[in-house]
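> The listed protein sequences correspond, in order, to chains U and X. Terminal number for the first sequence in the UniProt record's numbering: 211, no gaps in between. Terminal number for the second sequence in the UniProt record's numbering: 216, no gaps in between. Where a beta carbon is used, it is the ideal one built from N, C-alpha and C, also for glycine.
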Amino acid sequence: MDFARVWAYSDMIIEGLQVTMLASVIALLASLFFGTLVAVMRISPFKSLNWLGSAYVEFFRNIPLLLIILSVFFIFTPKGWIAGTIGLTIYTTAFIAEAIRAGIQSIPKGQMEAARSTGLTYGQAMILIILPQAIKVVIPPLGNQFLNLVKNSSLLAMVAGGDLMYQADLISSITFKTMDTYVFIAGFYLILTIPLSFLVKYLEKRFALSG
Amino acid sequence: MDFVGAYSGANLSFLFESLLETLKMAGLAIILSLIFGIILGVLRFARIPVITQIVAIIVDILRNLPLVLIIMVSYFGLRDFGIQLDVFSAAILALTIFEAAMISEIVRSGLNSISKGQMEAARSSGLSYTQALRHIILPQGLRRMVPPTVSQCIALLKDTSLTIAIGATELMYAARVVYASQTSYMVPTLILVALIYFVINYSLSILSRRLEAKQI
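#1: If I'm right that Leu171/X touches Ser18/X with Cβ under 8 Å, what's the distance once you round it to whole angstroms?
#2: Give the DSSP-derived three-state secondary structure of Gly167/X in the structure shown.
#3: Any C-beta of chain U sitting closer than 7 Å to the C-beta of Met145/X?
#4: Quick check on the DSSP output: what are the complete alpha helix (DSSP H) runs of length 4 or more inside the region 109-163 of chain U, in order along the chain?
#5: Run the CB neighbour count on Met1/U, radius 10 Å, all protein chains shown included, and call it buried at 16 or more, exposed below.
#6: Classify Gly141/X as helix, strand or coil using the three-state DSSP reduction.
#7: What does the alpha-carbon distance come out to for the pair Leu131/U and Pro45/U?
#8: For Arg57/X and Arg47/X, what's the separation of their Cα atoms in angstroms?
#9: Give every residue of the same chain whose Cβ lies closer than 6 Å to the Cβ of Thr160/X, excluding the five residues on either side of it in the sequence, and list them in chain order.
#10: Ala46/X by DSSP, collapsed to three states: which one?
#11: Please state the DSSP three-state secondary structure of Asp57/X.
#12: Under the three-state reduction of DSSP, which class applies to Asn50/U: helix, strand or coil?
#13: Which chain U residues sit within Cβ distance under 8 Å of Ala77/X?
#14: Answer with yes or no whether the minimum CB distance from Pro148/X to chain U is below 7 Å.
#15: If I measure Cβ to Cβ from Gly211/U and keep anything under 7 Å in the same chain, skipping five residues before and after, which residues do I get?
#16: Look at Ile114/X and Ala94/X and say whether their C-beta atoms are less than 7 Å apart.
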C-alpha cells in the first residue's frame, strides 16, 4: 500500500470531506424539518393529510436513493451537489418521518387529551406537550439516520457532486492506485461514521434505561 | 415528455429483461448474505474468544462504509491484486459482503433478545452449547429476525441500483440507456422505473408487516 501517492492529493480529499460533511448536515437539518411535518400529517385527524403523508413515506422509502438523486439532477438542477443534497433530503425525510411518527405514537393518549382539555389547540398541544416528550424516544433512531446519511452522501459521486467518493474516483483515475485510494478514503469514511455509531449505541442504552 | 415513444415495445422489453437481471442479482445476493450473515451473527453471539472480537471488528467496519465504495473496490480495486472479476460477480461479492454484515447484526440482536434462562435451562437439561444453540435458541431467535430481515432485503433490492457504478446491466442501467437515447424519454422512463421498484418493495414491506402482526 502506497498511501503517500494518494495523500499527494490531500487538498482534493479535504475538499471532498467538507462537501460530504456539509451535504450530510444540510440534508439532516432539512429532513428533520420536513420529516416532522410529514409525521404530524400522518397522525393528524385529517384524512386527506393522513393519506398524503403515508403516500410520501411509502413511495420514497421503497425506491432507490440513486433514482431520486438522478431525477432531481436531470429534471431540476444540473449542479451535482445541490441535486445530491436535495435527493438525500427527499429520501431521508421519509425515514425520519417514520421514526418521529413512532415516537409520537409512543406517548400515551392521555397526554394529548389532558393538554386539549386545558384549552390548548391541537397544534399547541402537539408543539408544547407531545413533541418535546417524543424527542427522547426519537433521538436514537435519528442518530442512525444521520449515520446512513453520511454513507448515502457517497451517491453524490454519481452526479459529480464533489464529495469524498467523487474525489476518490478522481484520484484513483489520476494515480492508477485504485486499491490504495479506496482503502485510504474508506479510512476517512470510518473516521466520520465509527464515532457516530458509538454515539448511537450510547444513546440507545441511555434512553432505553430512562424508559 | 414523450410517453408513447418511451414506452415502445422495444424499450419495455429491454427494461423488463434488465429487471430480471436485477432480481437475479438481488436474489443471489440475498441468499448468500443470509448464509454468511447467520454464520457471522452466531459467531458474534457465541462469545468465542478472539474469533468473536475479530468478527465484531470486521462487521463494524463494513457496516460503517458506503456500499458504493465496496462495489468500486470489488471491481476496480481487486484488479490491483490481479483478481479480475466480471461485473456481475463483483456486484454479487460487494452486495454480499455489505448485506451479510447488516444481517449479522440483525441475527445477533435477535439471539440476544432470547432470555438467558433459555440457554441455561437447555444446558442444564444436558444439551451441549451447540445443541442448545441449534435446537433452542436459533429457532426462537429466527422468528424475531424475520421482519428486520425483510426490511434488509428491500434495502438490498434498492442497493442493486448502485452497481450502475461498475456498469452492471440492471434496471437502473437500462433506464439510463433508454433515456440517453432521447431527452424526451427521460421523465417517462424515470417514472416507470420508480414505479417498478415501488411495486416490488412495497409488496415486500406489506409482507413484512403481516409477519410482524402475526407474532404479537
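Checking against the coordinates, here is how it stands:
#1: 5 Å
#2: Collapsing the DSSP output to three states places Gly167/X in coil.
#3: For Met145/X, the closest Cβ of chain U is not nearer than 7 Å.
#4: 109-117, 122-125, 131-152
#5: exposed
#6: helix
#7: 16 Å
#8: Per the sequence presented here, residue 57/X reads as Ile, with Arg not at that position. Rounded to the nearest angstrom, the two C-alpha atoms are 14 Å apart.
#9: Thr22, Met25, Ala26, Glu170
#10: coil
#11: In the sequence under discussion, the amino acid at residue 57/X is Ile, which differs from the Asp named in the question. It is helical.
#12: helix
#13: Before going further, note that residue 77/X is Gly rather than Ala in the sequence given. Ordered by position in chain U, the residues that pass the 8 Å Cβ test against Gly77/X are Thr178, Met179, Tyr182, Val183.
#14: no
#15: Annotation note: pLDDT 46 at Gly211/U (below 50); position unreliable, coordinate value reported separately. There are no such residues.
#16: no
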